[in-house]
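Chemist:
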Amino acid sequence: MDYTFEQGPIRPPSEAGSLLIRTTRNCPWNKCEFCHTYKGKKFELRKVEDIKADIQSVKEISDEVIALSWSHGCAGRVDGEIIKLIYSNPQRYPERVRSVAAWLYYGGETVFLQDANSLIMKTPDLVEVIRFLKEKFPRLKRITSYARAKTLAKKTLEELKELRQAGLSRIHTGMETGYDPLLEYIKKGVTAAEHIEAGRRVKEAGISLSEYVILGLGGVKMWKEHARETAGVLSQIDPDFIRVRTLFVPPGTSLREKLERGEFVRATDENIVVEERLLIEKLEGISSYFKSDHILNLLEEVEGKFPADKQKMLEVIDGYLSLPREEKLNFQVGRRAGLYRRLNDLDNEELHRRVQEAVNCMEAEGAEGVEETLYAFMGGFI
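Numbering follows this note's numbering, in which position 218 of the sequence shown is assigned residue number 224; successive positions increment by one, without gaps.
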């Protein structure tokens with residue numbers, strides 16, 4: 007059996023259990039100053055027949071995994087026993103078989119279309135791919151994709167409705183910021199007005215919309231404008247989800263060069279928490295679900311649905327800001343080390359003691375050593 011099908015490098019955290027189908031390669035824009043994922047790589051549209059061949063390969067692998075389940079008395083279910091069997095025999099079951107088995111283990115009901123901007127495909131071509139997916143996997147409940155706002159703004163409402171009718175359920179869009187000078191500074195290649203136009207059109211077409219915001223993207227200089235203007239744009243769109251990410255500037259990016267030259271001054275964790283508070287405070291008239299579903303976010307528990315949970319989210323942030331400096335630092339280190347997830351983890355005496363020992367060692371190196379060590383921790387998750 008041919009076990010090969012293409013998969014790209016990334017997907018949203020919320021698509022961790024989804025099958026990854028590559029419809030395009032890399033990013034057609036590829037100029038964002040904070041992103042290194044596709045640097046030096048050429049964008050390519052894949053042929054529809056090649057994408058469909060990949061889907062057919064996944065179908066055949068899926069059938070084989072399910073047949074394996076039946077042969078081991080699991081009645082077609084891909085449970086822990088089948089996963090253990092497959093993962094313990096990598097020579098017989100190569101990486102692609104394992105990825106399909108994992109997808110089936112998580113339900114086999116969601117698909118994410120890669121890479122950075124699948125909606126750049128001609129609408130009839132993408133419709134054909136989605137329909138083929140649904141034909142091969144009738145149990146699919148969700149098909150999602152990344153898309154640039156610039157691309158979405160060029161799609162007609164009728165095109166987006168056609169994609170929704172074919173089976174496209176959700177679009178993930180990297181807004182990053184709604185502040186035009188910052189959009190220009192990071193070379194996003196889109197305006198706040200285009201974000202609003204694109205987002206509203208997706209919503210009108212009946213497609214679920216996730217908008218991504220990068221906390222800390224304005225650095226020390228533009229943090230207030232970033233928070234306020236982004237809240238204003240989001241309030242005009244009212245996306246289904248607002249997902250926040252905390253900025254990490256990886257080597258090999260233009261923004262890293264600006265950081266090293268001192269042109270861009272990075273915000274501290276506390277600065278970013280204050281920025282996040284302002285963002286949430288200024289969000290008005292929306293019914294969005296606010297998600298903090300990324301390991302780089304300091305306060306993972308700041309999450310909820312507007313407007314009901316707005317005050318609760320602000321109270322979590324105020325709870326952190328009211329902590330003594332020593333406790334804030336303990337939480338920062340514990341969170342960045344992957345030991346803490348919620349503020350009340352500070353009440354775990356054993357964990358707190360272990361983290362404090364690490365804090366003491368870091369402080370012995372001086373204040374600059376603490377900040378750099380914390381930032382290095384963040385880089386370990388990228």
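Backbone N, C-alpha and C define an ideal beta-carbon position, used for all residues, glycine too.
1) Please report how far the alpha carbon of T30 lies from the alpha carbon of R207, in whole angstroms.
2) By the 10 Å Cβ neighbour count, where 16 or more other Cβ atoms means buried, how is N303 classified, buried or exposed?
3) What does the alpha-carbon distance come out to for the pair T252 and K128?
4) Extract the residue ranges of the alpha helix (DSSP H) inside the segment 203–247, only unbroken runs of 4 or more that lie entirely within it.
5) Report buried or exposed for Q120, applying the criterion of at least 16 other Cβ atoms within 10 angstroms of its Cβ.
6) Please report the distance separating the alpha-carbon of Y326 from that of P245.
7) Skipping 5 residues on each side, what residues in its chain have a beta carbon closer than 7 Å to that of P15?
8) At the level of alpha carbons, what is the spacing between K45 and A199?
9) Run through DSSP, which three-state label would E182 get?
10) Do G184 and G238 count as a contact pair if the criterion is CB distance below 9 Å?
11) Any contact between the segment 329–347 and the segment 368–383? By contact I mean 3 or more CB pairs, one from each, below 8 Å.
12) If we call anything under 9 Å between Cβ atoms a contact, is K209 one with V250?
13) Indicate whether C33 and K47 have their beta-carbon atoms separated by less than 9 Å.
14) Could you tell me the boundaries of the alpha helix (DSSP H) in which F138 lies?
15) Going by DSSP, what residues sit across from V117 in a beta bridge?
16) State buried or exposed for W229, treating a residue as buried only when at least 16 other CB atoms are found within 10 Å of its CB.
17) Starting from the Cα of L215, find the closest Cα among N354, G205, G224 and give me that residue.
18) Assign P18 to one of two classes, buried (16 or more other C-beta atoms within 10 Å of its C-beta) or exposed (fewer than that).
19) Between the segment 146–154 and the segment 167–176, do at least 3 Cβ pairs fall closer than 8 Å?
20) Which residue or residues does DSSP assign as beta-bridge partners of L51?
21) How should F387 be labelled, buried or exposed, when 16 other C-beta atoms within 10 angstroms of its C-beta is the threshold for buried?
22) Count the other C-beta atoms from every protein chain shown that fall within 10 angstroms of the C-beta of K53, then say buried if there are 16 or more, exposed otherwise.
23) In chain order, what are the residue ranges of uninterrupted alpha helix (DSSP H) at least 4 long that sit wholly in the segment 62–103?
24) Quick check: E134 and G224, are their CB atoms within less than 9 Å of each other?
25) Touching or not, the segment 65–75 and the segment 106–123, by the rule of three or more beta carbon pairs under 8 Å?
26) Can you check whether the CB of V361 is closer than 9 Å to the CB of L345?
27) For S63, tell me which candidate among R28, P330, A81 has the shortest Cα-Cα distance.
28) Pick out whichever of P144, E182, E21, E203 has its Cα sitting closest to the Cα of K160.
29) So, helix, strand or coil for R341, using DSSP?
30) Note down the Cα distance separating P100 from R234, rounded to an integer number of angstroms.
31) Would you report the Cα separation of I5 and E55, rounded to the nearest angstrom?
32) Which one of P257, E307, G23 has the shortest CA to CA distance from V279?
33) Using DSSP with H/G/I as helix, E/B as strand and the rest coil, what is F296?
34) Assuming I61 contacts L139 (C-beta within less than 8 Å), just tell me the rounded distance between them.
35) Who does K311 pair with in a DSSP beta bridge?
36) Taking DSSP's pairing of strands, which residues face T252 in a bridge?
Modeler: Considering the structure as presented:
1) Taking the straight line from one Cα to the other gives about 23 Å.
2) Around the beta carbon of N303, 16 or more other beta carbons sit within 10 angstroms, so the residue counts as buried.
3) So the two alpha carbons sit approximately 33 Å from each other.
4) Taking 4 residues as the minimum length, the alpha helix (DSSP H) runs contained wholly in the segment 203–247 are 229–243, in order along the chain.
5) Residue burial is scored here from C-beta neighbours: Q120 has at least 16 other C-beta atoms within 10 angstroms and is therefore classed as buried.
6) One C-alpha to the other measures close to 27 Å.
7) Excluding residues within five positions, the ones whose Cβ falls inside 7 Å are T43.
8) Each residue's alpha carbon lies about 27 Å from the other.
9) In the three-state DSSP reduction, E182 falls in the strand class (E or B).
10) For G238 and G184, yes; Cβs fall inside 9 Å.
11) Flag = yes, the segment 329–347 and the segment 368–383 touch.
12) The answer is no: Cβ separation not under 9 Å.
13) The answer is yes: Cβ separation under 9 Å.
14) It spans 129–142 - the alpha helix (DSSP H) in which F138 sits, taken as one unbroken run.
15) When beta bridges are read from the DSSP output, V117 appears opposite L25, I149.
16) Classification for W229: buried.
17) The option with the nearest alpha carbon to L215 is G205.
18) Classification of P18: buried, given that the 10 Å Cβ count is 16 or more.
19) Contact between the segment 146–154 and the segment 167–176 is present: 3 or more CB-CB pairs across the two stretches fall below 8 Å.
20) The partner list for L51 (beta bridge, DSSP) reads T30.
21) With fewer than 16 other Cβ atoms within 10 Å, it is exposed.
22) It is exposed - the Cβ of K53 has fewer than 16 other Cβ atoms within 10 Å.
23) For the segment 62–103, whole alpha helix (DSSP H) runs of length 4 or above, ordered along the chain, are 86–93.
24) For E134 and G224, no; Cβs fall outside 9 Å.
25) With a cut-off of 8 Å, the segment 106–123 and the segment 65–75 count as touching, because enough Cβ pairs lie within range.
26) Yes, these two residues count as a Cβ contact at 9 Å.
27) Closest by alpha carbon: R28.
28) From the listed residues P144, E182, E21, E203, the smallest Cα separation to K160 is found for E203.
29) If DSSP states are grouped into helix, strand and coil, R341 belongs with the helices.
30) Between P100 and R234, the C-alpha separation is close to 49 Å.
31) One cannot answer for residue 5 here, as it falls past the ends of the chain, which runs 7 to 388.
32) Selected option, being the one with the closest Cα: E307.
33) Strand, per DSSP.
34) About 6 Å; that satisfies the 8 Å criterion.
35) According to the DSSP secondary-structure assignment, K311 is paired through a beta bridge with Y295.
36) DSSP output for T252 lists L221 as bridge partner(s).
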